[in-house]
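Take 1 as the starting number for the sequence shown in UniProt numbering and just add one per residue. Ideal Cβ positions, reconstructed from N, Cα and C, are used throughout, including at glycine. Predicted model only: the values in this text are computed from it and were never measured. Worksheet for the structure shown next.
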Amino acid sequence: MNAPHVMAPLVEVDHVSRRFVRRLNYAERIAGWLGARAEEQIVHAVDDVSLTVHRGEVVGLVGESGCGKSTLGRMLAGIVAPSSGSIRTIEKTAEPSPGSEHGAQRTPRHRLATQMIFQDPLSSLNPRKRVRDIIGEAPLVHGIVERKQLDAYVVDVMERVGLNPDFRTRFPHQFSGGQRQRVGIGRALAVKPDFLICDESIAALDVSIQAQIINLFMQLRRDLGLTYLFISHDLGVVEHISDRVAIMYLGRIVETAPTVELFANPQHPYTIALLAQVPRLSNRKRQFESIQGEIPSPLAPPDGCHFHPRCPHATQRCRTERPLLHPSGLAHQVACHLVEVQ
Ligand code: SF4
């Protein structure tokens with residue numbers, strides 16, 4: 001996948017963290033009143049992440065379940081506010097404008113410019129609304145289209161995402177899984193976004209349908225100049241569609257590089273272990289070994305390098321000192337004490 005030539009930043013994520021408090025349940029509160037030790041716990045879902053997404057780029061965000069990639073995506077979409085740090089959306093021709101920073105009030109334009117496409121198309125669509133209303137409601141409410149032009153507008157959007165416009169009076173349950181995902185994509189496109197965040201958007205689909213939806217995403221990128229954050233646990237898909245890949249582990253980005261570079265020259269032990277599990281024609285006869293150990297709980301992430309309990313190269317320093325992302329080649333950054341700064 002070739003990156004566009006002009007790569008101005010579109011979104012800048014600056015030292016963003018997100019913590020969730022796990023409140024005590026009723027039994028725990030009673031136990032606390034009776035003198036037992038019961039404290040609220042904090043989930044460190046995203047831990048001091050910085051990332052820039054450039055206009056027209058496809059960034060793949062990869063990691064195991066629970067690593068915080070969906071929470072990061074939701075913060076970028078404005079669904080979840082960061083606990084600390086800032087996310088800045090940069091307009092096409094100007095400096096970051098007032099209200100473009102999350103935490104401050106976001107304008108309707110900023111909210112519409114970033115749209116999210118979810119994993120489960122059925123539960124993300126209102127089952128009581130016809131597709132015509134699902135796609136047409138937001139552009140009508142936000143003044144993107146007038147009521148008398150709405151039907152033609154919905155027909156246009158449906159054709160763009162490969163849906164038969166004759167089905168616009170149907171309900172979501174009357175479509176197949178792949179068609180429902182196209183409805184979700186159409187709903188997002190209807191408000192003319194710049195940036196699509198796809199959170200495991202093809203994971204629930206059959207393999208042949210996955211290929212069709214990926215092709216649709218790439219067609220839309222060419223036609224509309226869209227930017228994507230593609231969140232997935234599937235490195236094979238991410239390699240196929242991304243310009244750049246960021247690897248997340250337990251709330252932190254541990255490695256980021258252009259896709260070709262990352263797959264040819266992975267440097268972080270976690271990335272190396274993940275890539276070793278991607279099936280390829282060249283290694284189809286070998287036994288695949290999973291990464292040793294379980295991903296630690298985000299309620300109590302390990303000190304130092306979060307990966308150290310599972311890392312075969314961990315040293316004493318890794319147990320106490322957090323490795324920061326540092327340059328390790330052209331556009332390549334790694335957070336590991338063993339990888340030298342280049
Ligand atoms: Fe392994 Fe240490 Fe590098 Fe972490 S910093 S990945 S524990 S070698």
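Three-state secondary structure assigned by DSSP to residue i
{"i": "Thr259", "result": "helix"}
{"i": "Val339", "result": "coil"}
{"i": "Gln41", "result": "strand"}
{"i": "Leu275", "result": "helix"}
{"i": "Met7", "result": "coil"}
{"i": "Cys318", "result": "helix"}
{"i": "Val238", "result": "helix"}
{"i": "Thr71", "result": "helix"}
{"i": "Ile214", "result": "helix"}
{"i": "Ile291", "result": "coil"}
{"i": "Pro327", "result": "strand"}
{"i": "Phe307", "result": "coil"}
{"i": "Leu122", "result": "coil"}
{"i": "Ala205", "result": "According to the sequence shown, residue 205 is Leu rather than Ala. DSSP places Leu205 in coil when its eight states are reduced to three."}
{"i": "Phe20", "result": "strand"}
{"i": "Glu95", "result": "In this prediction, Glu95 scores a pLDDT of 41, lower than 50, which makes its location untrustworthy; the coordinate-derived value is nonetheless stated afterwards. If DSSP states are grouped into helix, strand and coil, Glu95 belongs with coil."}
{"i": "Ser100", "result": "Below a pLDDT of 50, predicted positions are generally treated as unreliable, and Ser100, at 48, falls in that range; the measurement from the model is reported next regardless. Here Ser100 sits in coil by DSSP."}
{"i": "His54", "result": "strand"}
{"i": "His332", "result": "coil"}
{"i": "Pro127", "result": "coil"}
{"i": "Gln105", "result": "Any reading at Gln105 must be qualified, since the residue scores a pLDDT of 47, below 50, and its modelled position is unreliable; the value itself is stated next. Coil at Gln105, not helix or strand."}
{"i": "Arg168", "result": "coil"}
{"i": "His15", "result": "strand"}
Nearest-angstrom beta carbon gap, residue j and residue i [assumed within contact, 8 Å]
{"i": "Gly63", "j": "Tyr249", "result": "6 Å"}
{"i": "Ala331", "j": "Ala257", "result": "6 Å"}
{"i": "Gly177", "j": "Pro121", "result": "7 Å"}
{"i": "Leu140", "j": "Arg147", "result": "6 Å"}
{"i": "Ala138", "j": "Ala190", "result": "6 Å"}
{"i": "Val53", "j": "Leu10", "result": "5 Å"}
{"i": "Val207", "j": "Gly236", "result": "Between Gly236 and Val207 the Cβ distance is about 11 Å, and since that is not below 8 Å, they are no contact."}
{"i": "residue 343", "j": "Leu196", "result": "In this structure the chain extends from 1 to 342, so residue 343 is not present and cannot be described."}
{"i": "Ser232", "j": "Glu255", "result": "Between Glu255 and Ser232 the Cβ distance is about 16 Å, and since that is not below 8 Å, they are no contact."}
{"i": "Ala203", "j": "Gln119", "result": "5 Å"}
{"i": "Thr259", "j": "Asp234", "result": "Not confirmed; about 14 Å, so no contact."}
{"i": "Gly136", "j": "Val154", "result": "5 Å"}
{"i": "His337", "j": "Cys318", "result": "6 Å"}
{"i": "Pro309", "j": "Pro296", "result": "6 Å"}
Test item: CB-CB of residue i and residue j under 8 Å
{"i": "Ile134", "j": "Val183", "result": "yes"}
{"i": "His306", "j": "Arg252", "result": "yes"}
{"i": "Ile42", "j": "Arg74", "result": "no"}
{"i": "Arg132", "j": "Asp14", "result": "no"}
{"i": "His44", "j": "Pro302", "result": "no"}
{"i": "Cys198", "j": "Phe230", "result": "yes"}
{"i": "Tyr228", "j": "Arg222", "result": "no"}
{"i": "Ser86", "j": "Val46", "result": "no"}
{"i": "Gly143", "j": "Val161", "result": "no"}
{"i": "Leu275", "j": "Phe263", "result": "yes"}
{"i": "Arg49", "j": "Leu72", "result": "It is Val, not Arg, that sits at residue 49 in the sequence shown. In contact: Val49 and Leu72 (Cβ atoms closer than 8 Å)."}
{"i": "His313", "j": "Pro266", "result": "no"}
{"i": "Gly304", "j": "Arg322", "result": "yes"}
{"i": "Leu125", "j": "Pro172", "result": "yes"}
{"i": "Met7", "j": "Arg37", "result": "no"}
{"i": "Glu239", "j": "Gly329", "result": "no"}
{"i": "Thr271", "j": "Ile247", "result": "yes"}
{"i": "Ile79", "j": "Met116", "result": "yes"}
Span of the beta strand (DSSP E) around residue i
{"i": "Arg244", "result": "244 to 249"}
{"i": "Ile231", "result": "227 to 232"}
{"i": "Ile117", "result": "114 to 117"}
{"i": "Phe195", "result": "195 to 199"}
{"i": "Ile87", "result": "84 to 89"}
{"i": "Gly60", "result": "58 to 62"}
Closer than 7 Å: residue i CB and nearest ligand 3 heavy atom
{"i": "Ala257", "result": "Looking for ligand 3 in the displayed structure turns up nothing; the ligands present are ligand 1."}
For residue i, the first and last residue of its enclosing alpha helix (DSSP H)
{"i": "Gln181", "result": "177 to 189"}
{"i": "Arg160", "result": "150 to 160"}
{"i": "Val141", "result": "131 to 141"}
{"i": "Gly32", "result": "26 to 33"}
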